[in-house]
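Since the structure comes first, as structure tokens, the remarks are kept for the end.
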Amino acid sequence: MLPWLVALSVLLLIPGLIYGLGFAPPEKYQGNSYRVIYIHVPAASIAMAGYVMMAVAGVIVLVWRMKMAEMVAKSVAPIGASFAFICLVTGSIWGKPTWGTWWVWD
Numbered sequence: 802m803l804p805w806l807v808a809l810s811v812l813l814l815i816p817g818l819i820y821g822l823g824f825a826p827p828e829k830y831q832g833n834s835y836r837v838i839y840i841h842v843p844a845a846s847i848a849m850a851g852y853v854m855m856a857v858a859g860v861i862v863l864v865w866r867m868k869m870a871e872m873v874a875k876s877v878a879p880i881g882a883s884f885a886f887i888c889l890v891t892g893s894i895w896g897k898p899t900w901g902t903w904w905v906w907d
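With this note's numbering as the guide, the letters of the sequence shown map in order to residues 802 to 907.
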């Protein structure tokens, strides 16, 4: 991985989180609890993109028996699971002040 790309990503991520979580005005109905959406939605998008990549790689493995696609699927799985976990946790954090409970089973 390119080290300058990692440094640039961190350099842009930090102010984005600070401004998104700290300086965004309160929402009219949800107040400050909506700020967690700035983490929740990107985490869900990354998790879903990872699962789509795994599905495509799985089809490639089943149809053409390519070992590289199998390695891609195995390497993307922990990333998708990690971001899905972040999505579940931040969804519960948002649900507590919004619904009054950590989880709703309806």
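We put the CB at the ideal spot given by N, CA and C, even for glycine.
Residue i burial status per 10 Å Cβ neighbour count (16 or more: buried)
i, result
"residue 851", "buried"
"residue 844", "buried"
"residue 807", "exposed"
"residue 858", "buried"
"residue 874", "buried"
"residue 825", "exposed"
"residue 860", "exposed"
For residue j and residue i, believed in contact at Cβ under 8 Å, the rounded distance
i, j, result
"residue 841", "residue 891", "4 Å"
"residue 895", "residue 834", "6 Å"
Endpoints, alpha helix (DSSP H) assigned at residue i
i, result
"residue 850", "838-865"
"residue 804", "804-819"
"residue 884", "868-900"
Candidates the options: closest to residue i by CA position
i, options, result
"residue 846", "863, 861 and 886", "886"
"residue 856", "876, 838 and 837", "876"
Does the segment 869-889 come into contact with the segment 841-860, if we say contact requires no fewer than three beta-carbon pairs (one atom in each stretch) closer than 8 Å?
yes
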